[in-house]
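Position 112, counted from 1, in the sequence shown is what this note's numbering calls 99; the numbers after and before it change by one each time, with no gaps.
For every residue, glycine included, the Cβ atom is placed at its ideal position computed from N, Cα and C.
Written out below as structure tokens is the structure these notes cover.
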Amino acid sequence: STQELARRLDASPGGVSEHLGVLRDAGLVAGRRDGREVRYVRTETGEALTVEHRFRVASVTKLFIATAVLQLVGEGALALDGDAGPIVPGVTVRQLLNHTSGVPNFDDDLVSFFENYRRDPAHRSELGPRELLGLALGRPRLFAPGEGWAYTGSNYQALGLLVEETTGSPLRAELKRRIAQLEGVWR
-12 STQELARRLD ASPGGVSEHL GVLRDAGLVA GRRDGREVRY VRTETGEALT
38 VEHRFRVASV TKLFIATAVL QLVGEGALAL DGDAGPIVPG VTVRQLLNHT
88 SGVPNFDDDL VSFFENYRRD PAHRSELGPR ELLGLALGRP RLFAPGEGWA
138 YTGSNYQALG LLVEETTGSP LRAELKRRIA QLEGVWR
């Protein structure tokens, strides 16, 4: 349990005391800080995490995709108020970036969708970005483009595909080249 984990962290050498929190959705790590260091462990096993452990960054990826898109706008390869077609016809790049496109999520039951990841952190979806976006585009729009606001991952699925189409490179390679050039960050 989280309370048992907290007791173990508090009892560990170094006098760990200040609670940082538990990432309940991931079910992976908890942390405490004593002002000098942070310790993380797997909540299931108590195994200490090291720099060799890897985590999917999920929605944090939106920050990187937005950065790449805005770089492409700055380079003149994309227009902020230009059509995002053929990826998502009828909406602009800006509307995808600021969640005003009206494109829904591919599924309303995201809790169920992420259950496999909660049970097995190594799980990988069989659906790629194009398939997920296809599911979303097959659903009714939430509203006409520019007429509302709704946070959906589908906007950034579309933007990732737009980056790939514009650059001719896989999104992962383009993000690595443009943003995360630190050795060992991308595996």
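Could you tell me how far apart the beta carbons of residue i and residue j are, in whole angstroms, since I believe they sit closer than 8 Å?
{"i": "Ala160", "j": "Ile74", "result": "At roughly 18 Å, the Cβ-Cβ gap does not stay under 8 Å, so Ala160 and Ile74 are not in contact."}
{"i": "Gly147", "j": "Leu158", "result": "5 Å"}
{"i": "Phe100", "j": "Leu122", "result": "Between Leu122 and Phe100 the Cβ distance is about 11 Å, and since that is not below 8 Å, they are no contact."}
{"i": "Val80", "j": "Leu65", "result": "6 Å"}
{"i": "Leu59", "j": "Val150", "result": "7 Å"}
Near residue i, what residues of its chain come up, given a Cβ to Cβ distance below 8 Å and the 5 sequence neighbours on each side ignored?
{"i": "Gly155", "result": "none"}
{"i": "Ile166", "result": "Phe51, Thr54, Ala55"}
{"i": "Pro76", "result": "Asp70"}
{"i": "Ala109", "result": "none"}
Excluding the 5 residues preceding and the 5 following residue i in the sequence, name in chain order all residues of the same chain whose CB lies nearer than 6 Å to its CB.
{"i": "Gly125", "result": "none"}
{"i": "Arg23", "result": "In this prediction, Arg23 has a pLDDT of 47, which is less than 50 and means its spatial position is unreliable; nothing more can be read from the coordinates."}
{"i": "Arg128", "result": "Gly89"}
{"i": "Arg164", "result": "none"}
I need the boundaries of the alpha helix (DSSP H) containing residue i, first residue and last residue.
{"i": "Glu152", "result": "140 to 154"}
{"i": "Asn53", "result": "Per the sequence shown, the amino acid found at residue 53 is Ala instead of Asn. Counting along the chain, the alpha helix (DSSP H) containing Ala53 begins and ends at 48 to 61."}
{"i": "Glu161", "result": "158 to 165"}
Counting only the same chain and skipping the five closest in sequence on each side, list residues whose C-beta sits under 7 Å from that of residue i.
{"i": "Lys49", "result": "Tyr143"}
{"i": "Thr153", "result": "Leu59, Ala64, Leu65"}
{"i": "Gly162", "result": "The sequence given here has Leu at residue 162, not Gly. Once the five neighbours on either side are set aside, the close Cβ partners of Leu162 are Phe51, Ala55."}
{"i": "Leu120", "result": "Ser141, Gln144, Ala145, Leu148"}
Say whether chain D places a C-beta atom closer than 8 Å to the C-beta of residue i.
{"i": "Leu114", "result": "Absent from the structure is chain D; it holds one protein chain and no more."}
Answer yes if the region 110 to 122 comes into contact with the region 64 to 72, meaning at least three C-beta pairs across the two stretches below 8 Å, and no otherwise. Contact fails between the region 64 to 72 and the region 110 to 122, because fewer than three Cβ pairs, one in each stretch, are under 8 Å apart.
Mind pulling the alpha helix (DSSP H) runs of 4 or more residues that sit fully within the region 69 to 133? List check, alpha helix (DSSP H) in window: 80 to 84, 97 to 106, 116 to 124.
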